[in-house]
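Residue numbers (our numbering): 909 to 1251.
For reference, the structure is listed below as C-alpha cells.
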Amino acid sequence: MEDKKDILILGIESSCDETAAAVVKNGREILSDVIASQADFHEQYGGVVPELASRMHVDAAYPCIDSALKQAGVTLDDIDAVAVTYGPGLVGALLVGLSAAKGLCAASGKPLVGVNHLHGHICANYLCFSQLEPEFLCLCVSGGNTQIIHVKSYTELVILGKTRDDAAGEAIDKIARVIGLGYPGGPKMDKVGQGGDIHAYEFAHNHMGDTLDFSFSGIKTSALNLINQTRQKGGDINVSDFAASYQDHIATILADHIVKASKKTGIKKVCLAGGVSANSFLRKKFDEISSKYDLELYYPNLRLCTDNAAMIASAGYYEFINGRRDDMSLNAAPSLKLGRKDA
Ligand code: KG4
909 MEDKKDILIL GIESSCDETA AAVVKNGREI LSDVIASQAD FHEQYGGVVP ELASRMHVDA
969 AYPCIDSALK QAGVTLDDID AVAVTYGPGL VGALLVGLSA AKGLCAASGK PLVGVNHLHG
1029 HICANYLCFS QLEPEFLCLC VSGGNTQIIH VKSYTELVIL GKTRDDAAGE AIDKIARVIG
1089 LGYPGGPKMD KVGQGGDIHA YEFAHNHMGD TLDFSFSGIK TSALNLINQT RQKGGDINVS
1149 DFAASYQDHI ATILADHIVK ASKKTGIKKV CLAGGVSANS FLRKKFDEIS SKYDLELYYP
1209 NLRLCTDNAA MIASAGYYEF INGRRDDMSL NAAPSLKLGR KDA
C-alpha cells in the first residue's frame, strides 16, 4: 500500500516508435517503466514508417499499460492521474497513446493530463537526480529537436535558442545512413566513432551570429559533399575517423552554445536531455566544459535519455500538481512547441 499523500501517475508515451507505459511516484520515483520498442522492425525500411508505427502501437498499448500497473504492484484505482504525450511526434502514433489514455480516464473517472514530449525529456533528469530542482539550463537534443531551454520552474519553460533547420539527431542519423550504418544511426555512429581521429575531417560551421540558435543542415550538407567528392575521386572515407570528427564537431557546437547561454543568463546548472544526450562524444565535450567553466552538469542515465513513459509520468506529475487537467477534446498536436505558451 502506498502512503495516502503520495501521488501516483500513470504515464503513456507513443510519439514515435516506442510504445511505453510507466508508474511514477511523486514525480521522482519510478515504480515501473515498460518499453516496447519497434526499432528492430523499422530497421529494414531504414527509418520509421509512420503508418506501421501506429498499427504496432495499437497492438502494444494496453499490454504495456497492464504490465506497468502490474510491475508497480498497483491497479488503476490507485492511480491519481493519467499523463499522456500529445505532441510533438507522428500524428497517428500520438493518437494511439492518447486514445488509450482517454479510454482509461473515461472508464475510471481519473483525470487526464496532456504532456509535451520535450517537457518529458527534461524531467528524465528529475528521475535520476532526487535533489535536482529548477532553475537550470537544459539542452534538449533528440531526433526531431535541438533546443536550449531555461527551466525557470517545474512547469515554466523558456526557449533561449533552437535549431532553425535540422535537429542534431537528424544530422547524425542521416550521415550514419550515408556511410552505411543503417537505422537507428545515432547509437551506431557513436559506436564506430570510438577510437577514431576527431581531427581527421573538417565540416562547415554553424553561423548563427550572436543568437543561441543552431543550424545543422549546412553541416550535414558539407559532410555529404565530402563523402561524395571522396567517392567520385575513387577513394573512400575512413568510417571510424569520419564518425569521430563529425560527432565531435556537432558536440563542440552544442557545448559552445551552452557556455554562451550560461554566460548570458548567469546560470551554471546545466542538464542534458533527449536521445542524443546518450552520445559519448557529447558527454565527453560537456564534461570538458563543465570543468573549464565550473558548470554543475547533469545527464540522465542512458535508458532515460531515449523515449520512455517514466519521463512523461514525471512531467505529468508537475503539470498535475500545477492544476493542469485535460478533457476528452485533447487532440494530438504533431508540431506542439515547448515554451511559455505550451508548458
Ligand atoms: O529522444 P529520442 O529517443 O526520440 C525523439 O524524441 O527524437 O531521440 C532519438 C534520437 C535519434 O536521432 C537517435 O539516433 C539518437 O536519439 N540517439 C543517439 C544515440 N542514442 C540515441 N545519437 C547519438 N548517439 C547516441 N548514442
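All C-beta atoms, glycine included, are put in the ideal place defined by N, C-alpha and C.
- Task: On the DSSP bridge assignment, give the partners of E937 in chain order.
- Result: Note: E937 is bridge-paired with K933 in the DSSP secondary-structure output.
- Message: Tell me whether the stretch 1002 to 1013 and the stretch 1027 to 1039 touch, counting them as touching only if at least three CB pairs, one residue from each stretch, are closer than 8 Å.
- Response: Segments in contact, no.
- Task: Go ahead and label N1230 buried or exposed: buried means 16 or more other beta carbons lie within 10 angstroms of its beta carbon, across all protein chains shown.
- Result: N1230 is exposed by the Cβ-count criterion.
- Message: I'd like to know whether the C-beta atoms of L1002 and S940 end up nearer to each other than 9 Å.
- Response: No; because the gap between Cβ atoms is not below 9 Å, this pair is not in contact.
- Which same chain residues, not among the five before or five after K1172, have their C-beta less than 8 Å away from its C-beta? Non-local beta-carbon contacts of K1172 in its own chain, meaning distances under 8 Å to residues more than five positions away in sequence, involve L1068, L1120 in chain order.
- Query: What separation, rounded to the nearest whole angstrom, lies between the Cα atoms of N1239 and S975?
  - Reply: In a straight line, the C-alpha of N1239 is about 26 Å away from that of S975.
- Task: Please name the residue, chosen from N1209, S1148, H1113, that lies closest to G1103 on a Cα-to-Cα basis.
- Result: With distances taken between Cα atoms, G1103 lies closest to S1148.
- Message: My assumption, with CB atoms under 8 Å, is that S1130 sits in contact with F1111. Please give the rounded CB distance.
- Response: With 8 Å as the limit, S1130 and F1111 qualify as a contact, their Cβ atoms being about 5 Å apart.
- Please specify which runs of the beta strand (DSSP E), each continuous and at least 3 residues long, are wholly inside the stretch 1038 to 1106, giving them in chain order. Listed in chain order, they are 1044 to 1049, 1054 to 1059, 1065 to 1070.
- Task: Consult DSSP for F1258 and reduce its assignment to one of helix, strand or coil.
- Result: Since the first residue shown for the chain is 909 and the last is 1251, residue 1258 is missing from the structure and cannot be characterised.
- Query: Since L1065 contacts L1180 with CB under 8 Å, what's their CB separation in whole angstroms?
  - Reply: Wrong, their Cβ atoms sit about 15 Å apart, outside the cutoff.
- Item | DSSP-derived helix/strand/coil call for D1195 | Looking at D1195 - three-state DSSP - the assignment turns out to be helix.
- Do S1080 and G1094 have their C-beta atoms within less than 9 Å of each other? The question names Ser, yet the displayed sequence has Ile at residue 1080. One thing to note: I1080 has its Cβ within 9 Å of the Cβ of G1094.
- Would you call the CB atoms of G995 and A1241 closer than 9 Å? Judged by their CB atoms, G995 and A1241 are nearer to each other than the 9 Å cut-off.
- Item | Selection from A1163, Q1137, N1146 that minimises the alpha carbon distance to Q1055 | Looking at the Cα atoms, A1163 is the closest of the given residues.
- Query: Is E1041 buried or exposed, if buried means 16 or more other CB atoms sit within 10 Å of its CB?
  - Reply: With fewer than 16 Cβ atoms within 10 Å of its Cβ, E1041 is classed as exposed.
- Query: Helix, strand or coil for L1238 per DSSP?
  - Reply: Note: L1238 maps to coil in three-state DSSP.
- Task: Using the Cα positions of A1015 and G1126, report the straight-line distance between them to the nearest angstrom.
- Result: Roughly 50 Å separates the two Cα atoms.
- Rounded to the nearest angstrom, how far is the Cβ of G1101 from that of F1228, given a contact under 8 Å? Contact between G1101 and F1228 is ruled out by a C-beta separation of about 41 Å, above the 8 Å threshold.
- Do G1005 and the ligand KG4 come close, with the Cβ less than 8 Å from some heavy atom? The ligand KG4 has no heavy atom closer than 8 Å to the beta-carbon of G1005.
- Taking 9 Å as the cut-off, decide whether the C-beta atoms of A968 and A944 are in contact. Yes. Within cutoff.
- Message: Could you check whether I917 and G935 sit closer than 9 Å to each other, using their CB atoms as the reference points?
- Response: Taking the C-beta atoms as reference points, I917 is found nearer than 9 Å to G935.
- Message: With a threshold of 8 Å (Cβ to nearest heavy atom), would S1243 be considered close to the ligand KG4?
- Response: No, the Cβ of S1243 stays beyond 8 Å of every heavy atom of the ligand KG4.
- Going straight from the alpha carbon of D914 to that of L1026, what length do you get? Taken atom to atom, the span from the alpha-carbon of D914 to that of L1026 is near 25 Å.
- Message: For a quick check, are the C-beta atoms of I1161 and N1114 less than 9 Å apart?
- Response: For the pair I1161 and N1114, the CB atoms are nearer than the 9 Å cut-off.
- Can V957 be considered in contact with the ligand KG4, in the sense that its beta carbon sits closer than 8 Å to one or more heavy atoms? For the ligand KG4, not one heavy atom lies less than 8 Å from the Cβ of V957.
- Message: Once the 5 residues before and after S1243 are set aside, which same chain residues still bring their CB inside 8 Å of it?
- Response: Only G995, P996 meet the Cβ criterion.
- Task: Verify whether the separation of the beta carbon atoms of A1108 and A1152 is less than 9 Å.
- Result: At the C-beta level, A1108 and A1152 come within 9 Å of one another.
- Task: Please name the residue in L998, V1178, D985, F1044 whose C-alpha comes closest to that of G1051.
- Result: Closest by C-alpha distance to G1051, out of L998, V1178, D985, F1044, is L998.
- Message: Please report the distance separating the alpha-carbon of K1010 from that of V966.
- Response: Between K1010 and V966, the C-alpha separation is close to 14 Å.
- Through-space distance from Q1140 to A1251, alpha-carbon basis: Unreliable positioning characterises A1251 in this predicted model, as indicated by a pLDDT of 34, which lies under 50. The coordinate reading is nonetheless provided below. The alpha-carbon atoms of A1251 and Q1140 are separated by roughly 49 Å.
- Query: Beta carbon of S1050: closer than 8 Å to some heavy atom of the ligand KG4?
  - Reply: S1050 Cβ: within cutoff of the ligand KG4.
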